[in-house]
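*Asks:* Just so we're aligned, residue 5 is where the sequence shown starts under my numbering, counting upward by one.
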Amino acid sequence: MRDAVIVEAVRTPIGKGKPNGSLAHVHPVELLAHTLRSLVERSGVDPALIDDVIGGTVDQVGEQAMNTTRYAALSAGFPETVPATTVDRQCGSSQQAVHFAAQGVLSGAYDIVVACGVESMSRVPMWSNVPPGKDPFGPGIAARYPDGLVPQGISAELIAAKWSLTREQMDAFAVTSHHRAAAAWEQGLFDAEVAPLDGVSRDESVRPGTTPEVLAGLKPAYHDPVFAERFPQIEWNITAGNASPINDGASAVLITSSETAARLGLRPLARLHSFAVTGSDPVLMLTGVIPATDKVLRRANLSIDDIDLFEVNEAFASVVLAWRQETGADLAKVNVHGGAIALGHPLGASGTRLTTTLVHAMRERGARYALQTMCEAGGLANAMILEAV
Numbered sequence: 005m006r007d008a009v010i011v012e013a014v015r016t017p018i019g020k021g022k023p024n025g026s027l028a029h030v031h032p033v034e035l036l037a038h039t040l041r042s043l044v045e046r047s048g049v050d051p052a053l054i055d056d057v058i059g060g061t062v063d064q065v066g067e068q069a070m071n072t073t074r075y076a077a078l079s080a081g082f083p084e085t086v087p088a089t090t091v092d093r094q095c096g097s098s099q100q101a102v103h104f105a106a107q108g109v110l111s112g113a114y115d116i117v118v119a120c121g122v123e124s125m126s127r128v129p130m131w132s133n134v135p136p137g138k139d140p141f142g143p144g145i146a147a148r149y150p151d152g153l154v155p156q157g158i159s160a161e162l163i164a165a166k167w168s169l170t171r172e173q174m175d176a177f178a179v180t181s182h183h184r185a186a187a188a189w190e191q192g193l194f195d196a197e198v199a200p201l202d203g204v205s206r207d208e209s210v211r212p213g214t215t216p217e218v219l220a221g222l223k224p225a226y227h228d229p230v231f232a233e234r235f236p237q238i239e240w241n242i243t244a245g246n247a248s249p250i251n252d253g254a255s256a257v258l259i260t261s262s263e264t265a266a267r268l269g270l271r272p273l274a275r276l277h278s279f280a281v282t283g284s285d286p287v288l289m290l291t292g293v294i295p296a297t298d299k300v301l302r303r304a305n306l307s308i309d310d311i312d313l314f315e316v317n318e319a320f321a322s323v324v325l326a327w328r329q330e331t332g333a334d335l336a337k338v339n340v341h342g343g344a345i346a347l348g349h350p351l352g353a354s355g356t357r358l359t360t361t362l363v364h365a366m367r368e369r370g371a372r373y374a375l376q377t378m379c380e381a382g383g384l385a386n387a388m389i390l391e392a393v
């Protein structure tokens, strides 16, 4: 029976997604090309053997338009015969690329495939793909949700209210994320996964000196009188400190079968065990990680206690803390090297960034099973389970 394994995983450092960010000078195609080039160099795989390159990008417009993944593969020096495509499942785009890639290997459609992602939020700001005055939802959505959908920040506030999460709890979670990320850098735990670029070798958004007192001084990021009237339960506790920043970055993983890996002399990092995707309430929007986790565990015939490590994307602290309340997961096993609040959230790159960090953490900590899940705009979520080889 065929399986699917990850044999290499690499990412760029993550820069601030601002004009003065450390990677803002790098075109998004080149960000991803650097990662693809590093992936094949580190693995030693002849890129001519790659059956497909599947990449995630969220804002597919401007410098990220026209199938960015294809041009990144060409810029990386891959043969013209290697195809590529770009997918969009919002923040989970490159995790979805991993699902598609692994499912292709499992089915026999691929032997060797790359899953990857990129987002340059400094050069292509969020929502650049929605011109002013244009409605991306249409009349059917307006009829189904007559009160209107809401921005993600409001969804994060609604989650905090529904699960009774306090400002102190969310700020404390954010502080832990920064401290774990800083410790991982100091201990050299990111060295195996990061490919320095243009003199940039570290994640720019990590703040080692962050404290609860510092975060307590930040103002609410999403307060709006219209939404305050519509949702009186909101206490306005989401800030720039307990939410992920905007960032630039790229990441990639190389997926094949155990049989092909053995033939090519490649060492698997982890086996891709089980997959799930779910939809959920698009107003709460970010709670899909809860049913996705339940679904993937059932498919794997595992329990939450069987999982040694988790990566749950820290779009907002409220998302991870609500997920933890519902699943009963041990927070000591969650985002052990820090999460997106500290490391950053370059949208299309985040899925394979989480996977990259997770497979290296599995090896470093001797984990048998690991679970990754991500919330996504529109009320979506991906989840998958990795197993040590």
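All C-beta atoms, glycine included, are put in the ideal place defined by N, C-alpha and C.
Would you grab the beta carbon distance between SER98 and ALA353 for me? Rounded to a whole angstrom, and I think it's under 8 Å.
*Replies:* Locating residue 98 in the sequence shown gives position 94, where the first residue counts as 1. Locating residue 353 in the sequence shown gives position 349, where the first residue counts as 1. Confirmed, Cβ separation roughly 6 Å.
*Asks:* Starting from LYS20, follow its DSSP beta bridges and name the residues at the other end.
*Replies:* In the sequence shown, counting from the first residue as 1, residue 20 sits at position 16. Answer is ASN251.
*Asks:* For TYR75, which of helix, strand or coil comes out of DSSP?
*Replies:* Counting from 1 along the sequence shown, the entry for residue 75 is found at position 71. It is helical.
*Asks:* Cα separation between ARG15 and LYS166?
*Replies:* Stepping through the sequence shown from its first residue, residue 15 is reached at position 11. Stepping through the sequence shown from its first residue, residue 166 is reached at position 162. In this model, ARG15 and LYS166 are separated by some 35 Å (Cα to Cα).
*Asks:* I'd like to check one pair, LEU36 with GLY59: are the Cβ atoms closer than 9 Å?
*Replies:* Residue mapping note: residue 59 aligns to position 55 of the sequence shown, counting from 1. Residue mapping note: residue 36 aligns to position 32 of the sequence shown, counting from 1. The answer is yes: Cβ separation under 9 Å.
*Asks:* Tell me whether ASN24 is buried or exposed, calling it buried when 16 or more other Cβ atoms sit within 10 Å of its Cβ.
*Replies:* Counting from one through the sequence shown, the residue named residue 24 turns up at place 20. Around the beta carbon of ASN24, fewer than 16 other beta carbons sit within 10 angstroms, so the residue counts as exposed.
*Asks:* From the DSSP secondary-structure annotation, give me the bridge partner or partners of LEU384.
*Replies:* Along the sequence shown, read from residue 1 onward, the residue named residue 384 stands at position 380. Answer by DSSP bridge pairing, in chain order: GLY283 and GLU380.
*Asks:* Are three or more beta carbon pairs between the region 66 to 76 and the region 107 to 127 nearer than 8 Å?
*Replies:* Counting Cβ pairs under 8 Å, three or more are found: they touch.
*Asks:* Between which two residues does the alpha helix (DSSP H) containing ASP175 stretch?
*Replies:* For the purposes of this step, residue 175 is taken as the residue at position 171 of the sequence shown. Note, ASP175: alpha helix (DSSP H), 171 to 190.
*Asks:* Can you list, in chain order, the residues of its chain whose CB lies under 6 Å from that of ALA344, leaving out five sequence neighbours each side?
*Replies:* In the sequence shown, counting from the first residue as 1, residue 344 sits at position 340. SER248, ASN317 and GLU318.
*Asks:* With a 10 Å radius around its C-beta and 16 neighbouring C-beta atoms as the bar for buried, classify ARG184 as buried or exposed.
*Replies:* As a working mapping, residue 184 is identified with position 180 in the sequence shown. Label assigned to ARG184: buried.
*Asks:* If you follow the beta strand (DSSP E) that LEU313 is in, where does it begin and where does it stop?
*Replies:* Your numbering for residue 313 matches position 309 in the sequence shown. Per DSSP, LEU313 belongs to the beta strand (DSSP E) from 313 to 316.
*Asks:* Output the residue ranges of the alpha helix (DSSP H) runs that lie fully inside the region 346 to 378 and measure 4 residues or longer, sorted by chain position.
*Replies:* 354 to 369
*Asks:* Can you tell me which of the three DSSP states ASP309 falls into?
*Replies:* Counting from one through the sequence shown, the residue named residue 309 turns up at place 305. Residue state, collapsed to three classes: helix.
*Asks:* So the candidates are ILE163, ARG275, GLU233 and ALA220; which of them puts its Cα closest to the Cα of ALA244?
*Replies:* Within the sequence shown, residue 244 is the residue found at index 240, counting from 1. Taking only the C-alpha atoms, the option nearest ALA244 is ALA220.
*Asks:* Answer yes or no: do ILE259 and VAL102 have a C-beta to C-beta separation smaller than 9 Å?
*Replies:* One-based indexing of the sequence shown puts residue 259 at position 255. One-based indexing of the sequence shown puts residue 102 at position 98. Yes, they are a contact pair.
*Asks:* Give the single residue among LEU110, GLN68, GLY81 and ALA80 whose Cα lies nearest to the Cα of THR90.
*Replies:* Here residue 90 refers to the residue found at position 86 when the sequence shown is read from its first residue. Among LEU110, GLN68, GLY81 and ALA80, the Cα nearest to that of THR90 belongs to GLN68.
*Asks:* So, are the CB atoms of ALA164 and GLU239 less than 9 Å apart?
*Replies:* The sequence position of residue 164 within the sequence shown is 160, counting from 1. The sequence position of residue 239 within the sequence shown is 235, counting from 1. Cβ atoms of ALA164 and GLU239: closer than 9 Å.
*Asks:* Can you name the start and end residues of the beta strand (DSSP E) that VAL300 belongs to?
*Replies:* Taking the sequence shown and counting its residues from 1, the one referred to as residue 300 is at position 296. No beta strand (DSSP E) holds VAL300; the alpha helix (DSSP H) holding it covers 293 to 304.
*Asks:* Tell me the residue span of the alpha helix (DSSP H) that contains ALA410.
*Replies:* With the chain running from 5 to 393 in the structure shown, residue 410 is simply not present.
*Asks:* ASP115: which of ALA52, TRP131 and GLY66 sits nearest, CA to CA?
*Replies:* Along the sequence shown, read from residue 1 onward, the residue named residue 115 stands at position 111. Nearest C-alpha to ASP115: ALA52.
*Asks:* What does the alpha-carbon distance come out to for the pair ALA371 and ASP228?
*Replies:* Taking the sequence shown and counting its residues from 1, one reaches residue 371 at position 367. Taking the sequence shown and counting its residues from 1, one reaches residue 228 at position 224. Rounded to the nearest angstrom, the two C-alpha atoms are 44 Å apart.
*Asks:* Which runs of the alpha helix (DSSP H) spanning at least 4 residues fall entirely within the region 54 to 137, listed in chain order?
*Replies:* 72 to 79 and 97 to 111
*Asks:* Starting from GLU12, trace the beta strand (DSSP E) in both directions and tell me its first and last residue.
*Replies:* The residue you call residue 12 lines up with position 8 of the sequence shown. Where GLU12 is concerned, the enclosing beta strand (DSSP E) stretches over 9 to 15.
*Asks:* Tell me the rounded alpha-carbon separation between VAL179 and LEU169.
*Replies:* Your numbering for residue 179 matches position 175 in the sequence shown. Your numbering for residue 169 matches position 165 in the sequence shown. Their Cα atoms are separated by approximately 16 Å.
*Asks:* Can you give me the Cβ contacts of CYS8 inside the same chain, cut-off strictly under 6 Å, excluding the 5 residues immediately before and after it?
*Replies:* Within the sequence shown, the letter at position 4 stands for residue 8. The question names Cys, yet the displayed sequence has Ala at residue 8. Closer than 6 Å at Cβ, skipping near neighbours: ALA106, VAL109, LEU110, ILE259 and LEU276.
*Asks:* Just list the residues that DSSP pairs ALA274 with in beta bridges.
*Replies:* For this step, residue 274 is matched to residue 270 along the sequence shown. ALA274 pairs with ILE10.
*Asks:* Pick from GLY96, VAL154 and HIS364: whose alpha carbon is nearest that of GLU391?
*Replies:* Reading the sequence shown from its first residue, position 387 is the one you call residue 391. Ranking GLY96, VAL154 and HIS364 by Cα distance to GLU391 puts HIS364 first.
*Asks:* Between ILE10, PRO17 and ALA13, which lies nearest to GLU208 when the distance is taken from Cα to Cα?
*Replies:* Here residue 208 refers to the residue found at position 204 of the sequence shown. The candidate whose alpha carbon is nearest that of GLU208 is PRO17.
*Asks:* Report the start-end ranges of each beta strand (DSSP E) in the region 185 to 250 that is 3 residues or longer and not cut off at the edges.
*Replies:* none
*Asks:* Hey, VAL134 and PRO32 are a contact pair by Cβ (cut 8 Å); roughly how many whole angstroms apart?
*Replies:* Translated into the one-based positions of the sequence shown, residue 134 becomes position 130. Translated into the one-based positions of the sequence shown, residue 32 becomes position 28. The pair is not a contact, with the Cβ atoms about 18 Å apart (cut-off 8 Å).
*Asks:* Is there contact between the region 375 to 390 and the region 39 to 50, where contact requires at least three CB pairs shorter than 8 Å?
*Replies:* no
*Asks:* Helix, strand or coil: how does DSSP classify VAL340 here?
*Replies:* In the sequence shown, residue 340 corresponds to position 336, counting from 1. In this structure, VAL340 counts as coil in the three-state DSSP scheme.
*Asks:* Rounded C-beta distance between LEU201 and VAL30? I'm assuming under 8 Å.
*Replies:* Counted from its first residue, the sequence shown places residue 201 at position 197. Counted from its first residue, the sequence shown places residue 30 at position 26. Sure, about 7 Å apart at Cβ, within 8 Å.
*Asks:* Cα-Cα, which of CYS95, PHE82 and ALA256 is closest to ASP63?
*Replies:* Here the question's residue 63 lines up with position 59 in the sequence shown. It is CYS95.
*Asks:* Apart from the five residues just before and just after ALA387, which ones in its own chain have a Cβ nearer than 6 Å to its Cβ?
*Replies:* Numbered from 1 along the sequence shown, position 383 holds the residue referred to as residue 387. Excluding sequence neighbours, ALA387 sits near ALA280, ALA296, THR297, VAL300 and THR377.
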